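Taken in sequence, the protein lines are chains A and B. Residue numbers 39 to 358, in our numbering, belong to the letters of the first sequence in order. Residue numbers 27 to 282, in our numbering, belong to the letters of the second sequence in order. No residue lacks a Cβ here, since even glycine has one placed at the ideal position from N, Cα and C. Fair warning: this is a prediction, and the values are worked out from it, not measured in the lab.
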Amino acid sequence: MLKHKNKLLLLAFTAAILSCPFFLNAYWIDVINNIGLYAILALSLNFIVGYTGLFHMGHAAFFAVGAYTAAVLNTTYSVPILILLPVSGAAAALFAYLVARPIIHLRGDYLLIVTIAIVEVVRIALVNNVFGLTGGSNGIFGISRPEFFGFTIRRPHEFFYYIWSFLAVSVVLFHLLEKSRFVRALNYIKNDEVAAEGSGVDVAYYKLIAFVLGAFWAGMVGNIYASKMTLISPESFNFWESVILFVIVILGGSGSIRGVILGAFLIVGLPEIFRQFAGARMLVFGGAMVAMMVFRPQGFLPPLPRKYAIHKIKSGDETL
Amino acid sequence: MTLLSIRNLTKKFGGLMAVNDVSFDVDQGKVVGLIGPNGAGKTTVFNLITGNYIPDQGEIIFDGHNLVGLKTHKIVSLGIARTFQTIRLFKNLSVLENVLAGCHCRMRSGIFSSMLRLPFQRREEKMALGRALKELEFVGLLKHMDLKSMNLSYGNQRLLEIARALASNPKLIVLDEPAGGMNDNETQQLVGLIKKMQTRGLTVLLIEHDMNLVMRICEDIVVLEHGALIAQGNAEKITRDQRVIEAYLGMDEDED
């Protein structure tokens, strides 16, 4: 019964999203696109914050590395932006590996402070044009649009399909991952690090991999973002962006894919709807967040318990 | 045959000699008890064996491997599983998933095979599930497998820790006060369970304060006091050992 209900909800949601391009204008489609981008970013952060329970408030740094990798390679060497998609991811993942490795043993608040420092260091490095590649505070402009077999993605309606199909693929992959020993290991670490290590989970390795995988996806979103804006500057990757992503994960439901997507709609979408109330909307928004944390600390849609195919196990089967 | 051999193990915490030059052997297939008054260093010895602490001196040889300096998860995969004195379960996860944690180190599938659900990964998942169900049945928690582990009774939480340890397919299982907080009935069940583990071919090393339980199931007993080993032998020998009696009952200074 419940399973049925969830499937129907998923179907209704997909139908609603797919119908957007038919009745929304370019402005609102762009809002939907931004929600999609934030949703993928927050899903990538979900590996670190949601599944593993690490306080990481510097995710915009990985997003920035991906975006700048795409922008530099595209504008300097005119490599097609779409080919750079995995390259952006790999660059962000490598960066995450290098910065996370020495700090991975830090706990809670200490880790939080270091990750905030990372995002600030990256932003300031970009502003100061450290390698003479990033264009300083003006950023990089003239990034080309993605091209699929001769068809150039240009208008918001076209980006809509690009972004939301990327989101759909990510959701499917992450959903399958949730049912594997990988995300289980991350959950064990979130629950009790000592017990996880004592049960045979390589805690340091899995924490690091959570960072690397999260950064890989954030880097790819950086690529999409760069090709959507065609202009990127350091201010798009500041600490506040990281905070927004963190809030999306916590408010939507830590470790829950549907929760994080709902979070993206609430945090990115609602302020757009209430734009006419100007200043007051942030006040209401802040109040709502406080109320939320008091009355529903697990988030709007916390993760559902995983189901296992017990009925498929016969007593004579070979076991580990 | 000796499975675990501890040689001149020493650990200091600041000025405190927590474990002082302790040596003993644990034979394959035996149930060995580690006893001693509070603060004698029993749990420290366990934490040294399982890699939670690094010894200042000494060697721990298990099944041909020197464990000193190895990380805990590596030691688990070599075949030593443990339970904790203060229960450490994954509180928000189901009973079944707690046991699956033990299977983790025997599984190989990575991110890619999981994302793509390769046949190898699915087979491995299924085998792990089968193992977890077997261990739940072994400790008698099969009917509670969907509960969150925090909702189990205290005694059952202890059993779940044992099931999780067993799921890692250990050669040696290290139990830190398994009967702590259990009532007589539950302790009785635990005795049966430890005997069943022995029949499975496991070697058991346990810390316990319940002397009755220790005397009943341990074939070999090691006694620590102030971090030093003061006696080793079977139950009969230990109960008659003068230093053990003094350690437990205290010494009358007038008679010195």
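- Residue contact check for B/Gln83 against chain A: no CB pair falls below 8 Å.
- A/Ser218 and A/Ala80 have their alpha carbons spaced roughly 20 Å apart.
- If you ignore the 5 residues before and after A/Glu279, its C-beta comes within less than 6 Å of the C-beta of Ala98, all in its own chain and listed in chain order.
- Counting of Cβ neighbours within 10 angstroms places B/Met176 among the exposed residues, the total staying below 16.
- Listed in chain order, the positions of the segment 207-231 of chain A with a beta carbon within less than 7 Å of a beta carbon of chain B are Leu211, Leu214, Leu215, Ser218, Arg219, Phe220, Arg222, Ala223, Asn225, Tyr226, Asn229 and Asp230.
- Taking the Cβ atoms as the reference, B/Cys129 lies roughly 11 Å from B/Ala107, outside the contact range of under 8 Å.
- In this structure, A/Tyr106 sits away from A/Leu224, with a CB-CB distance that is not shorter than 8 Å.
- For B/Gly84, the secondary structure class from DSSP, reduced to helix, strand or coil, is strand.
- Interface with chain A (8 Å Cβ-Cβ cutoff): B/Cys244 is excluded.
- In this structure, A/Ile70 is the residue among A/Ile70, A/Leu171, A/Ala50 and A/Lys45 with its C-alpha nearest to the C-alpha of A/Cys58.
- With a 10 Å radius around the Cβ and a threshold of 16 neighbouring Cβ atoms, A/Phe186 comes out exposed.
- In the DSSP assignment, B/Arg108 falls within the beta strand (DSSP E) that extends over Ile106 to Arg108.
- Proximity of B/Gly67 to chain A, defined by a Cβ-Cβ separation below 8 Å, is not satisfied.
- In the structure shown, B/His252 falls within a coil segment according to DSSP collapsed to helix, strand and coil.
- For B/Arg184, the enclosing alpha helix (DSSP H) begins and ends at Tyr180 to Leu192.
- Close CB contacts of A/Asn166 within its chain, under the 8 Å cut and outside five residues either way in sequence, are with Gly174 (chain order).
- Looking from the CA of B/Leu30, the closest CA among B/Tyr180, B/Leu228 and B/Arg149 belongs to B/Leu228.
- When the alpha-carbon of B/Leu201 is set against those of B/Val248, B/Ala154 and B/Ile233, the nearest one is in B/Ile233.
- Just measuring C-alpha positions, the residue of B/Asn64, B/Leu115 and B/Phe88 sitting nearest B/Leu74 is B/Phe88.
- As a beta-bridge residue in DSSP terms, B/Ala257 pairs with B/Val249.
- As a beta-bridge residue in DSSP terms, B/His91 pairs with B/Phe88.
- Per DSSP, reduced to three states, the secondary structure at A/Glu356 is coil, with no helix or strand assignment.
- Against chain A, a Cβ distance below 8 Å from B/Phe116 picks out Asn225, Tyr226, Asn229, Asp230, Ala233 and Ala234.
- For the pair A/Ile270 and A/Ile305, the CB atoms are not nearer than the 8 Å cut-off.
- The three-state reading of DSSP puts B/Thr36 in strand, counting E and B together.
- Within 9 Å of the CB of B/Gly128, the CB atoms of chain A belong to Ser237 and Gly238, in sequence order along the chain.
- Using beta-carbon distances, A/Leu144 does not count as an interface residue toward chain B, since no partner is under 8 Å.
- Rounded to whole angstroms, the gap between the alpha carbons of B/Leu162 and B/Asp82 is 38 Å.
- With a threshold of 8 Å between beta carbons, A/Arg344 makes contact with chain B.
- In this structure, A/His195 is the residue among A/Val110, A/His195, A/Val168 and A/Ile151 with its C-alpha nearest to the C-alpha of A/Phe61.
- Exclusion of the five residues before and after B/Met171 leaves Val121, Leu122 and Leu162 as the residues of its chain whose Cβ lies within less than 6 Å of its Cβ.
- Below 8 Å, enough C-beta pairs join the segment 55-73 of chain B and the segment 246-256 of chain B to call them touching: three or more.
- One alpha carbon belongs to B/Asn209, the other to A/Ala77, and they sit about 51 Å apart.
- Sequence-ordered contacts of the segment 88-102 of chain B with chain A read Thr98, His99 and Val102 [C-beta pairs closer than 7 Å].
- Per DSSP, reduced to three states, the secondary structure at A/Thr113 is helical.
- At a beta-carbon threshold of 7 Å, the residues of chain B lying near A/Thr357 are Met153, Gly156, Arg157 and Lys160, ordered along the chain.
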